[in-house]
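In the UniProt record's numbering, the protein residues as written are 1 to 420.
Quick look at the structure:
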């Protein structure tokens, strides 16, 4: 069926989630942290918050980075999970590009069946549907209801072997299965990969996209580490993972999403023709030191320096009487602000776009309020910290266009101050 260790049990993890090795090295301890997408209402502020250990460890056998504590998936992906793809314009355009490129690469025809796992509000599938393909989303949270309202058929379930069989019996085999930004998240690796194997037709393709270990390490991006992200893959670790199943990694691409991502193409069946991109990326990983412990130790030092620089800057500006606020509240901001120890007396609010599901809520752990970003234009604070720093250019452009005169602060990979 699938290896027993490909179901990650809740609680402390003492072995590699991919290869089951116990050769794990602690890289970074970010302390006890709340779940990043469990935002708080005003009524919840007085209640005890649950926090869990957040530590990054690295496997020296297969070069997977992972966290060493698994929170129950039904707690992490609670029904009111507040993330919607269709809200960010860049993401909508980007996902439309994914559908076009895959339709062309795999010569997909009208009527071909395309399934998206963790399909959110159905944004990605819309591109395939518009080209005449039969589509189905699988999404465990209430956001599935939004997709169905928008005409993208979506089942509100976790993807398991059982779900895969139900879909296959009802709709037939899929030509293409997608997973953007979810394949590093699930504890049920074995269920998901075996389910994909069942649902795909022979020579069908599974394409997934996630943040990429080389970018995380080279970019000092410790804020991609949170409880949703159980794993941060190197290509080496993915080759190992799929070696347990009837699949071949046939192609791989790098992109700039999430501060640097990897898109992996996996074909059903063994010994399929492999693109030279795969060998090239494995060589690059080795050359970049991704298989050596010292690389990770340097990364940890850089993270600690970024924290020190950030806190020194904010405290000095506060002492000088400057006003400092933050903009954007992505999941990663929770890791950053909780690890740095930033309270509302240092940053009084985080501004979000008017369509955000997070407005009126409070940041887990630090209780900083999330407010409509119109306030930035009205108040013109001295400094605006960009917590979605991986989209800094487009955010600065948008806010300037709306008349914001503030100086921008980009916290990572190294603290940067951008005069307006």
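Glycine included, every Cβ here is placed at the ideal spot set by N, Cα and C.
In this model, residue 282 and residue 369 are separated by some 43 Å (Cα to Cα). Every unbroken stretch of the beta strand (DSSP E) spanning 3 or more residues and falling wholly within the region 54 to 127 is given here in chain order: 65 to 67, 113 to 117. Look at the beta carbons and you see the region 272 to 280 touching the region 244 to 258: at least three pairs across the two are nearer than 8 Å.
If you draw a straight line from the Cα of residue 402 to the Cα of residue 351, it comes to about 14 Å. Spanning the alpha carbons of residue 151 and residue 418 requires a straight line of approximately 43 Å. The residue from 359, 168, 331 with its alpha-carbon nearest to that of residue 221 is 331. Non-local beta-carbon contacts of residue 337 in its own chain, meaning distances under 6 Å to residues more than five positions away in sequence, involve 366 in chain order.
For residue 362, the secondary structure class from DSSP, reduced to helix, strand or coil, is strand.
By the Cβ rule, the region 168 to 184 counts as touching the region 226 to 233, because three or more pairs are nearer than 8 Å.
The Cβ atoms of residue 167 and residue 124 lie no closer than 9 Å to each other. Fewer than three beta-carbon pairs drawn from the region 209 to 217 and the region 151 to 164 are found closer than 8 Å, and the two stretches are therefore not classed as touching. Judged by DSSP secondary structure, residue 18 falls outside any beta strand (DSSP E); it is assigned neither H nor E. By the 16-neighbour rule on beta-carbons within 10 angstroms, residue 170 is exposed. Per the C-alpha coordinates, the member of 39, 89, 380, 59 positioned closest to residue 333 is 39. Within the UniProt domain "C-methyltransferase" (258 to 413), the runs of beta strand (DSSP E) at least 3 residues long that lie entirely inside it are, in chain order, 261 to 268, 324 to 327, 350 to 352, 370 to 372, 383 to 386, 407 to 410. Contact check for residue 18 against residue 237 passes: the beta carbons are separated by less than 9 Å. In this structure the region 296 to 304 touches the region 19 to 29; the number of beta carbon pairs closer than 8 Å is three or more.
Residue environment analysis places residue 354 among the exposed positions, since fewer than 16 neighbouring C-beta atoms fall within 10 angstroms of its C-beta. With at least 16 other beta carbons inside 10 angstroms of its own, residue 390 counts as buried. Distances from the alpha-carbon of residue 348 to those of 376, 335, 144 put 376 closest. By the neighbour-count criterion, in which 16 or more other beta carbons inside 10 Å mark a residue as buried, residue 127 falls on the buried side. Under the criterion of beta carbons closer than 8 Å, residue 54 and residue 30 qualify as touching, at roughly 4 Å. If you ignore the 5 residues before and after residue 119, its C-beta comes within less than 7 Å of the C-beta of 125, 137, 138, 139, 147, 154, all in its own chain and listed in chain order.
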